[in-house]
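**Student:** Below is a structure I'd like to ask you about.
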Amino acid sequence: MASFDLSGRTALVTGSSRGLGRAIVEGLAAAGARVIVNGVDAARIHSAVGELRAAGHNAEGVAFDVTSEASILAAFEKFDADGVRIDILVNNAGIQVRKPLVEFSTADWRRVIETNLTSAFVIGREAAKRMIARGHGKIINIGSLGSEMARPTVGPYTAAKGGVRNLTRAMAVEWAQHGIQANAIGPGYMLTDMNQALIENAEFNSWLMSRIPSKRWGKPDELVGAAVFLASPASDYVNGQIIYVDGGMSAAM
Ligand SMILES: NC(=O)c1ccc[n+]([C@@H]2O[C@H](COP(=O)([O-])OP(=O)(O)OC[C@H]3O[C@@H](n4cnc5c(N)ncnc54)[C@H](O)[C@@H]3O)[C@@H](O)[C@H]2O)c1
């Protein structure tokens, strides 16, 4: 399984103190990577790093808000000063705001687009500059079923995640020649805090079970296989793709 081995690689996963990001850092660490946990809450990062280390993983933390360009630039300057090379970047941080489009304020629209889409561009650009200089790198953007289709009340999220799909393609076509692979994962309906309102909504659950071929929600650690694959040499000729991990939802009528 050498082509899936991440030993000697450093992975930065944004928004990774909980939820899908947390499952992804655990998976990348188990495959041998040194992982850097990110989020906005220093205490939550500290406890996640402690738990990862207690499990025998090589983990560090860095707090920055993915919507703050100044903080992102400062974090990468600190990586440079400390000799930290980001070989694998997972743009995972995201938020959801649910409202009908006619009730959406422009400020909320911008907040969703900035957090889910613009952050992947800015952090991706900073990581890619350094990856290009080294001649290799892996970028994994977290998309969604919303990268392909819409549901009522999540308009800006759908626009952002569609943008993530095409940003992934843009990264691939510009950076493939430098040994960088940029791909995306499109999770289906996963059991995380982001979906708490839907998980508790009986009407939504019965609609979901009628639509989803697997007849169940996904578990965060079910993203690990795709994440390790896209972070590892096993995917060195896979570029610009989005892999749906959705229990068959995007294949169903
Ligand atoms: N849960 C699902 O069903 C699902 C489905 C498809 C896609 N996704 C995507 O997966 C990603 C993770 O979602 P999740 O379900 O784990 O959600 P979550 O709310 O549990 O976790 C999101 C993480 O991002 C962090 N974050 C939010 N804003 C940030 C900011 N400005 N700067 C730094 N960190 C920030 C949060 O603190 C949190 O740790 C998101 O991009 C989401 O859109 C989730």
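Throughout the sequence shown, residue numbering follows the numbering used here, covering 541 to 793 in sequence.
Built from N, CA and C at the ideal position, the CB exists for glycine as well.
(1) Does the beta-carbon of M541 have 16 or more other beta-carbons within 10 angstroms, so that it is buried, or is it exposed?
(2) Less than 6 Å between C-beta atoms, sequence neighbours within five positions excluded: which residues of the same chain meet that for G601?
(3) Taking the alpha helix (DSSP H) that T708 falls in, what are its first and last residues?
(4) What does the Cβ neighbour count give for T523, buried or exposed, with the cut at 16 atoms within 10 Å?
(5) Using three-state DSSP, classify E600 as helix, strand or coil.
(6) Between K759 and I782, what straight-line distance do the alpha-carbon atoms span, to the nearest angstrom?
(7) I'd like to know whether the C-beta atoms of G561 and N632 end up nearer to each other than 8 Å.
(8) Check whether the Cβ of N779 sits closer than 7 Å to any heavy atom of ligand 1, and report yes or no.
(9) From which residue to which residue does the alpha helix (DSSP H) around G590 run?
(10) Are the beta-carbon atoms belonging to R625 and T550 less than 8 Å from one another?
(11) Going by beta carbon distance, what residues of the same chain come within less than 6 Å of L552, once the five residues before and after it are set aside?
**Tutor:** Well, looking at it:
(1) As a first step, residue 541 is located in the sequence shown; it is residue number 1 there, counting from the start. Burial call: exposed.
(2) For the purposes of this step, residue 601 is taken as the residue at position 61 of the sequence shown. The answer, listed in chain order, is V577, I585 and V589.
(3) What you label residue 708 is simply residue 168 of the sequence shown in a count that begins at 1. Per DSSP, T708 belongs to the alpha helix (DSSP H) from G695 to W715.
(4) The structure shown does not extend to residue 523, since the chain is modelled only from 541 to 793, so the question has no answer here.
(5) Here residue 600 refers to the residue found at position 60 when the sequence shown is read from its first residue. It is a strand residue.
(6) If you number the sequence shown from 1, residue 759 lands on position 219. If you number the sequence shown from 1, residue 782 lands on position 242. In a straight line, the C-alpha of K759 is about 19 Å away from that of I782.
(7) Residue numbering aside, residue 561 sits at position 21 when the sequence shown is read from its first letter. Residue numbering aside, residue 632 sits at position 92 when the sequence shown is read from its first letter. Their beta carbons are under 8 Å apart, which means G561 touches N632 by this criterion.
(8) The sequence position of residue 779 within the sequence shown is 239, counting from 1. The answer is no for N779.
(9) For the purposes of this step, residue 590 is taken as the residue at position 50 of the sequence shown. Note, G590: alpha helix (DSSP H), A582 to A594.
(10) To locate residue 625, count along the sequence shown from 1; it is residue 85. To locate residue 550, count along the sequence shown from 1; it is residue 10. It is a contact, given that the beta carbons lie within the stated cut-off.
(11) Sequence index remark: in the sequence shown, residue 552 carries index 12 (1-based). Non-local C-beta neighbours of L552 in its own chain, meaning closer than 6 Å and more than five positions away in sequence, comprise I576, I626 and L629, ordered along the chain.
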